[in-house]
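Student:
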Amino acid sequence: MPKVLEIKNLKKEYHTLKGAVLALQDISFSIDDKDFVAIVGPSGCGKSTILSILTGLDKDFEGLIDTHNKKIGYMLQTDCLLPYLTIWDNAILGLRLTHCLTKENLSFVDNLIKKYNLLEFKDKYPSSLSGGMRQRVALIRTLATNPDILLLDEPFSALDYQTRLEVSNDVYNIIKSEGKTAIIVTHDIGEAIATSSKVIVLSKRPAIIKSIYDIKLDNPKNPILNRKDAKFNYYYELIWKELEEYVTEPNSLSKKN
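Using this note's numbering, read the sequence shown as starting at 245 and increasing by one per residue.
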């Protein structure tokens with residue numbers, strides 16, 4: 245598979261009144277087309293910083309980032325739906341802000357809304373939707389600009405555990421159905437294994453890559469079933485051992501599986 249993203253020797257420092265703080269050190273990895281990759285690590289290690297750099301929001305870094313001219317979409321931790329806009333207007337907000345409200349793009353969004361069972365809510369407001377449905381709208385809004393690579397920054401963290409399982413399965417299948425490449429940042433080791441073809445494990449700050457695991461489970465189209473795969477626990481224990489030293493730090497990661 246062709247490479248769609250390459251990161252080489254990424255280094256990031258924050259400058260404070262007390263001096264420089266090294267956040268990322270010598271981060272290097274590549275991602276193939278249509279990969280679904282997870283980044284896990286203790287809280288504050290710089291996972292979300294990597295996403296900010298990839299989007300271009302943070303340009304103060306050292307190293308090489310090559311996106312091979314691919315468009316990038318960014319889905320935040322919260323759905324960020326505007327309460328005074330209808331579901332339709334929220335879904336096309338990115339197109340409106342970028343002056344891309346073409347007939348073709350609007351038709352594309354309309355088809356996504358129909359395809360993912362939101363048509364009856366098209367003219368309703370976010371307050372009438374469940375948390376899972378709101379996340380679906382947020383994903384459609386991200387897909388509306390037709391990015392090649394999707395960055396997901398803990399998109400399910402605000403959901404209860406059962407809803408989180410259902411929505412992560414839903415979002416995974418939407419991304420795969422649309423033929424996108426994705427990177428998800430998560431504290432949840434089980435979520436990372438169940439959804440991803442590759443898991444990148446970071447150390448605490450200054451973050452380095454401790455390991456990269458190629459995940460091979462028997463149900464690549466169903467993250468929920470992947471949790472029942474015999475190899476799921478094998479990968480889980482490997483990654484848990486990498487991160488176990490950080491569990492005494494509050495909110496560092498989730499052992500829930």
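Heads up, the beta-carbon is just placed ideally off N, CA and C, and yes, glycines get one too. A quick note: this is a predicted structure, and the numbers were derived from the prediction, not measured.
#1: Mapping DSSP to helix, strand and coil, what is residue 250?
#2: Are the CB atoms of residue 442 and residue 456 within a distance shorter than 8 angstroms?
#3: DSSP on residue 494, reduced to helix/strand/coil?
#4: Can residue 268 and residue 436 be called in contact, C-beta distance under 8 angstroms?
#5: For residue 256, which of helix, strand or coil comes out of DSSP?
#6: Are at least three pairs of beta-carbons, each pair with one atom in the region 414–424 and one in the region 370–389, less than 8 angstroms apart?
#7: With a cut-off of 8 angstroms, do at least 3 Cβ pairs link the region 304–315 to the region 353–373?
#8: Do residue 490 and residue 286 have their CB atoms nearer than 8 angstroms?
#9: CA-CA distance, residue 465 and residue 426?
#10: DSSP three-state call for residue 271: helix, strand or coil?
#11: What did DSSP end up calling residue 306 once you bin it into helix, strand or coil?
#12: Could you pull out every residue in the same chain whose Cβ sits closer than 6 angstroms to the Cβ of residue 254, ignoring the five residues on either side in sequence?
#13: Quick one, which of 370, 294, 334, 343 has its alpha-carbon nearest residue 353's?
#14: What residues match up with residue 443 in a beta bridge as DSSP calls it?
#15: What are the residues that DSSP puts in a beta bridge with residue 319?
#16: Closer than 7 angstroms by C-beta to residue 299: which residues in its own chain qualify, once you throw out the five before and the five after it? Chain order, please.
#17: Residues bridged to residue 411 by DSSP?
#18: Could you pull out every residue in the same chain whose Cβ sits closer than 8 angstroms to the Cβ of residue 392, ignoring the five residues on either side in sequence?
#19: Once the 5 residues before and after residue 439 are set aside, which same chain residues still bring their CB inside 7 angstroms of it?
#20: So residue 428 is in the alpha helix (DSSP H); what residue range does that whole segment cover?
#21: Whether or not the region 324–339 and the region 290–298 are in contact is what I'm after, with contact meaning three or more pairs of Cβ atoms, one per stretch, closer than 8 angstroms; do they touch?
#22: Cα separation between residue 340 and residue 487?
#23: Shortest alpha-carbon distance to residue 398 belongs to which of 265, 368, 261, 284?
Tutor: On the basis of the supplied data:
#1: strand
#2: yes
#3: The pLDDT assigned to residue 494 is 49, lower than 50, so where the model puts this residue is not dependable; a value taken from the coordinates is nonetheless given after this. DSSP places residue 494 in coil when its eight states are reduced to three.
#4: no
#5: strand
#6: yes
#7: no
#8: yes
#9: 15 angstroms
#10: strand
#11: strand
#12: 268, 271, 307
#13: 334
#14: 282, 457
#15: 396
#16: 316, 318, 395
#17: Residue 411 is not bridged to any residue.
#18: 248, 314, 315, 316, 424, 425
#19: 280, 282, 412, 416, 428, 467
#20: Not the alpha helix (DSSP H): residue 428 falls in the beta strand (DSSP E), residues 425–429.
#21: no
#22: 43 angstroms
#23: 284
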